[in-house]
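Notes follow the structure.
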Amino acid sequence: MPDMETVWPEDVTRFRVGQKVKVKVPVEVLRTVQEGHGGFTPKMCDSMALQGEVMEVTEKGDLRVKYPNNICWTLNPEAVQLVQEERQAAEALAPEPQQSTADSLGYTRNFLYSWEPTAPSLEASECAICSENEDLCKVEPCGHKITCTDCTSRMKKCLTCRETILRRITNENPRDRVFTCGHSCCHLCLPNVGGICHMCRTPFRNPVPLY
Numbered sequence: 001m002p003d004m005e006t007v008w009p010e011d012v013t014r015f016r017v018g019q020k021v022k023v024k025v026p027v028e029v030l031r032t033v034q035e036g037h038g039g040f041t042p043k044m045c046d047s048m049a050l051q052g053e054v055m056e057v058t059e060k061g062d063l064r065v066k067y068p069n070n071i072c073w074t075l076n077p078e079a080v081q082l083v084q085e086e087r088q089a090a091e092a093l094a095p096e097p098q099q100s101t102a103d104s105l106g107y108t109r110n111f112l113y114s115w116e117p118t119a120p121s122l123e124a125s126e127c128a129i130c131s132e133n134e135d136l137c138k139v140e141p142c143g144h145k146i147t148c149t150d151c152t153s154r155m156k157k158c159l160t161c162r163e164t165i166l167r168r169i170t171n172e173n174p175r176d177r178v179f180t181c182g183h184s185c186c187h188l189c190l191p192n193v194g195g196i197c198h199m200c201r202t203p204f205r206n207p208v209p210l211y
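Be aware that the sequence shown starts at 1, since it is given in the UniProt record's numbering, and climbs by one per residue.
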C-alpha cells in the first residue's frame, strides 16, 4: 500500500521551528481548543502573556513552544499566532498619532496608551491568571496591566516582561486623592505611589482629598 501523506490545514503549515509565537485566544477558548492537542492546565496562564519559540512541529501539527520561564507547552496551532502578525494587527488597530503631553500619555516605553485623568487607563478585560476578575491592577515600574488586584498581590514579577514588581496600583476603587500635577489615585494606593505621580513622575507632598 502506498504511504498516506499527512495533510495539514493551511494555517498550520506556516509555523516553523525557531519562529516566535504568542497565544492569541482567551483562557476559556484555550481550554476548549487544547482538548486533544496536549490538554490544558491552569499553569499555562503564566505563559500566555509571554513570547515563546517553536521548538517542534509534531506529526499532527501541534506546536511544542518553549517560553522564557523554561517551560515548554504543546499547543494547538489555532491558539497561537506569529509575533510578527500580532505586531502588525496591533499597528492596524492603533489610532493616528497625536501630539503627546504628560497629562495624556503614560511615561514608560511599555505604557504607551492614552490616559484620561478621570477614567481608567484601558477598558478592563479579564485577569490573565484567574479569568474571574477584571485586570484592574497596574504594576510598576513596567506599567503593564493584565491581572486583577488579588492575583497581582501574589506576583513578584510581571507576567509580560518579567520585570520585578516594585509597586501595585489598582483601578478598582474610586480616585479620592489628587496630586499637584492634576493626576489622582485612591487612598489605598497612595502609600504605593511614594510621593511621585505614577503618571507624569512629578513629585508631590500633600495630595488633596476628595469627598
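Glycine residues also receive a C-beta, built at the ideal position from the N, C-alpha and C atoms.
Measuring CB to CB, does arginine 167 end up less than 8 Å from glutamate 140?
A contact, by the Cβ cut-off of 8 Å.
Using the three-state DSSP reduction, which class does isoleucine 78 fall into: helix, strand or coil? Residue identity differs from the one stated: residue 78 is glutamate in this sequence, not isoleucine. Correct three-state label for glutamate 78: helix.
- Message: I'd like the span of the alpha helix (DSSP H) that includes methionine 48, first residue to last.
- Response: Looking at the DSSP string, the run of the alpha helix (DSSP H) that includes methionine 48 is 45 to 48.
For aspartate 150 and lysine 156, I'd like the C-alpha separation in whole angstroms.
A direct Cα-to-Cα measurement between aspartate 150 and lysine 156 gives close to 13 Å.
- prompt: Along the chain, where does the beta strand (DSSP E) that runs through leucine 63 open and close?
  reply: Run containing leucine 63: 63 to 66, per the beta strand (DSSP E) assignment.
Quiz item: Using the rule of at least 16 other Cβ atoms within 10 Å of the residue's Cβ for burial, across every protein chain shown, is glutamine 84 buried or exposed?
Solution: It is exposed - the Cβ of glutamine 84 has fewer than 16 other Cβ atoms within 10 Å.
Look up cysteine 200 in the DSSP assignment and say whether it is helix, strand or coil.
DSSP places cysteine 200 in the coil class of the three-state scheme, outside both helix and strand.
* Helix, strand or coil at threonine 152 [DSSP, three-state] -> It is helical.
- Item | Range of the contiguous alpha helix (DSSP H) that encloses valine 27 | 27 to 33 is the span of the alpha helix (DSSP H), which, as asked, contains valine 27.
If distances are taken between C-alpha atoms only, which option among Ile196, Met44, Lys22, Pro209 comes closest to arginine 31? Closest by alpha carbon: Met44.
- Under 8 Å between the Cβ atoms of leucine 190 and proline 203? Result no, Cβ atoms of leucine 190 and proline 203 do not sit closer than 8 Å.
Residue burial classification, threonine 58 (beta-carbon count within 10 angstroms, cutoff 16):
Within a 10 Å sphere around the beta-carbon of threonine 58 sit fewer than 16 other beta-carbons, which makes this residue exposed.
When the Cα atoms are used, what is the spatial distance from aspartate 28 to alanine 49?
In the sequence under discussion, the amino acid at residue 28 is glutamate, which differs from the aspartate named in the question. When rounded, the distance between both Cα atoms is 15 Å.
task: Sort out for me which residues DSSP pairs serine 184 with in a bridge.
output: Paired residue(s): Val178.
* Where do the N-terminal and C-terminal ends of the alpha helix (DSSP H) with valine 139 fall, by residue? -> Not the alpha helix (DSSP H): valine 139 falls in the beta strand (DSSP E), residues 137 to 140.
Query raised in the report: Who are the Cβ neighbours of glutamate 35 in its own chain at under 8 Å, not counting the five residues just before and after it?
Result: Contacts found: none.
Quiz item: According to the Cβ coordinates, are threonine 160 and isoleucine 146 closer than 8 Å?
Solution: Yes, Cβ-Cβ distance for threonine 160 and isoleucine 146 is below 8 Å.
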